[in-house]
Structures are given as structure tokens and as C-alpha cells.
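Engineer:
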Amino acid sequence: MKFYVYRLALKNRFRKLTVRDGLVVHGKGWGEVSPFWDYDAVESARWLAAGVEAANLGYPVALRESIPVNETIAAVDAEVAHALAAASTCSTLKVKIADHPGALCEDLARLEAVRDAQPAAKIRIDANAAWDVDTAVAHIRQMDRAAGGLEYVEQPCPSVDELLAVRRRVEVPIAADESIRRGADPLEVARRGAADLAVVKNQPLGGVRAALELAERLQMPVVVSSALESSVGLRAGLAFAAALPELPYACGLATSRLFTQDIVDHPLAPVGGEIEIRDVAPVRSLPVSAKLSRAWEERLAQMWAVASAQGKVSGEYKFMGGLA
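Each residue of the sequence shown is one higher than the last, beginning at 1 in this note's numbering.
1) At the level of alpha carbons, what is the spacing between leucine 222 and glycine 315?
2) From what residue to what residue does the beta strand (DSSP E) around histidine 26 run?
3) How should proline 101 be labelled, buried or exposed, when 16 other C-beta atoms within 10 angstroms of its C-beta is the threshold for buried?
4) List the endpoints of the continuous alpha helix (DSSP H) containing isoleucine 140.
5) Assess, as a yes-or-no matter, whether the segment 236 to 254 is touched by the segment 36 to 47 under the definition of 3 or more beta carbon pairs within less than 8 Å.
6) Taking the alpha-carbon positions, what's the glutamate 188 to glutamate 213 distance?
7) Going by Cα to Cα distance, which pick from Asp21, Ser179, Arg15, Lys11 is closest to arginine 294?
8) Quick one: what's got a C-beta closer than 6 Å to alanine 211's C-beta in the same chain, skipping five residues either side?
9) Among all the DSSP beta bridges, which residues are the ones paired with aspartate 126?
10) Considering only their Cβ atoms, is the gap separating arginine 124 from alanine 75 smaller than 9 Å?
11) Are histidine 139 and aspartate 177 closer than 9 Å when you measure CB to CB?
12) Can at least three beta-carbon pairs, one atom from the segment 23 to 39 and one from the segment 47 to 56, be found at a separation below 8 Å?
13) Terminal residues of the continuous alpha helix (DSSP H) containing arginine 191?
14) Can you name, in chain order, every residue of its own chain whose Cβ lies under 7 Å from the Cβ of valine 166, other than the five neighbours on each side?
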């Protein structure tokens with residue numbers, strides 16, 4: 001297996017990020033390994049296992065040829081949000097909110113603009129665990145009114161206890177993300193009835209097969225989403241969504257459009273609100289500095305040591321530096 005570093009620029013700041021970097025791995029096919037930099041080697045080892053699985057084993061049998069997706073609207077000003085929503089062919093729009101303390105007025109304006117741009121769309125919001133219970137309850141009610149109705153709110157609070165408390169006090173459905181993919185017990189949310197649905201990302205869970213197994217065990221509706229990956233990583237997310245017996249919600253896999261360019265010639269992007277399932281291969285990246293290359297080489301060695309000890313990877317690999 002050969003590993004290459006990639007680097008991509010975001011069109012707008014996204015959860016404090018302006019650049020996304022990671023690894024792509026080449027075996028029989030291609031996979032992506034792109035844990036965020038605040039993840040330790042143990043947590044990142046699952047991302048490594050996911051990329052290696054995709055590169056070497058491919059994907060389960062697909063039950064569908066294309067996947068319905070939502071448009072993702074970053075925490076941009078209302079005018080930009082309106083333009084993005086109006087230009088989208090997706091009938092479901094995910095709006096990022098709670099980007100910083102005191103963001104409520106901006107969030108409400110953004111939601112009103114998105115609703116004005118697409119009066120018939122489904123609108124969902126993602127707070128990325130930014131609130132405490134009382135703040136979540138108050139803000140969800142205001143945002144539900146501003147949006148003219150919300151499909152659901154994703155991870156309003158950090159803990160399962162808080163999610164449960166919020167769910168008991170609001171009518172808008174609650175979706176769990178971080179509580180599942182980063183929780184010590186990913187089934188706790190379902191067991192305690194703390195959410196109405198689960199947002200599941202294959203790479204943080206160790207790959208498509210592990211994500212499918214978890215989805216079955218959760219016994220609750222699943223929304224497949226990306227971890228802000230390149231199209232190489234999105235290919236695995238599409239495979240996960242394609243293999244699920246049921247797909248009741250649009251998936252959060254249209255994130256290639258958040259980048260100024262992708263690492264593939266033809267990014268996996270929606271047409272008519274759906275992404276066609278097809279294979280992709282990386283061909284380019286923004287320049288990768290020697291410092292960034294060394295950092296990923298060291299990180300890969302750490303991840304490999306952990307994943308190897310866990311039996312998730314085996315054999316040897318080659319680190320090739322930056323993707324040309």
C-alpha cells in the first residue's frame with residue numbers, strides 16, 4: 001500500500017478550518033485516511049482502518065445506483081446563504097449554526113434567508129454540540145420558527161444526558177452525531193432514547209462494514225454523512241449509503257462543493273439532488289509542504305502501530321509524500 005498526502009482549500013471557513021488535509025491510500029483501489037488533527041492515535045487508527053479497507057477490500061453490494069443528498073450551507077452571512085440555497089438542486093438543506101458564542105442573530109438571519117430561497121425545502125441544522133440544555137431548547141424553538149419548520153437538529157449538546165433532556169423539551173427531532181462516533185458506547189444514544197435518528201460517518205467508525213454493523217445494531221433511522229472528505233473519502237460514504245436496507249433521509253455527502261477544487265478530475269457532486277455512485281481516483285492536490293508531509297508521515301506511523309496491534313491492518317506500507 002502507498003500513502004500520499006493531500007491538501008485542499010475550503011471556499012468558506014468551516015468549523016474553524018480553511019484548509020483540509022489528509023492521506024489517500026492506494027492498494028487494489030483507493031481509500032482515504034483523514035482524521036482531524038485533534039484526534040489521538042487510538043481514535044485515528046479507526047480512520048486508518050477505514051481507508052485501508054476501502055483500498056484493499058472495496059465495498060459491499062450496492063442496493064441503489066445513486067444517493068439523495070443535502071446541500072450543506074456553512075456559517076456564512078445571510079446573503080451568501082441565500083445564493084447558495086437558491087443555486088442548489090437539492091431539496092434538503094443542512095445549515096451550520098452556533099459557529100461562535102453570540103451567533104444567534106446571524107443564525108436566525110441565515111435560516112430565514114435559506115427558507116426564502118427554497119420555500120419547499122427540508123431544512124436541518126447542525127450545532128456541533130455547542131449548547132447547554134437551556135440554551136439548546138431556547139435556540140431550537142427560535143430557529144424552528146425562523147426556518148418555517150426544521151427537519152431535525154443535529155447534536156445540539158455534547159453529552160447523551162443533555163441530548164435526552166433536550167429531546168424531552170422540544171418538538172423538533174434530535175439527531176446524534178458526535179455522541180455516536182466519538183462516544184465510549186456508541187449504542188448508548190439508542191438504548192436511552194436520547195435521539196430520534198443517528199448521523200453515521202463510516203471513516204470514524206473503522207470503515208463501511210463497521211458502519212453497516214453499527215447501523216443495524218442502533219435500530220433507529222440513519223443519516224449517512226461525510227467527515228469533510230475529498231471525493232475519495234466520499235466514495236466510501238456513498239458505498240455505505242448504497243448498502244443500507246433503508247435510506248429514509250437525504251445524506252450529508254455533497255461536501256465536495258465546499259472545496260475550491262477536489263483531488264479528482266470529476267468530483268462526486270449532486271445532479272438533481274442525487275450523487276451517482278462511481279469510482280474515483282486522485283490526480284492533484286494543493287502543494288504539500290515538507291513540514292506537513294513529515295507530520296503526516298509521523299502520524300501514519302503512530303496510527304499504523306495502534307491499528308496493527310489491534311489487528312486492523314497488517315503488512316508493510318510506503319509513505320510517498322505529497323500527492324502530485
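Positions of the beta carbon are idealized from the N, C-alpha and C atoms, including for glycine.
In this text, all values refer to a predicted model and were calculated from it rather than measured experimentally.
Structural biologist: Taking the geometry as given:
1) Position check: residue 222 holds valine in this sequence, whereas leucine was assumed. Each residue's alpha carbon lies about 34 Å from the other.
2) 17 to 26
3) exposed
4) Its alpha helix (DSSP H) spans residues 133 to 146.
5) no
6) 15 Å
7) Asp21
8) For alanine 211, where only same-chain residues beyond five positions count, the Cβ hits under 6 Å are Val200, Asn202, Leu205, Phe240.
9) Per DSSP, the beta-bridge partners of aspartate 126 are Lys96, Glu154.
10) no
11) no
12) Proximity of the segment 23 to 39 to the segment 47 to 56 meets the contact definition, three or more beta-carbon pairs being nearer than 8 Å.
13) 188 to 192
14) Val133, Ala136, Val137, Pro156, Cys157, Ile174
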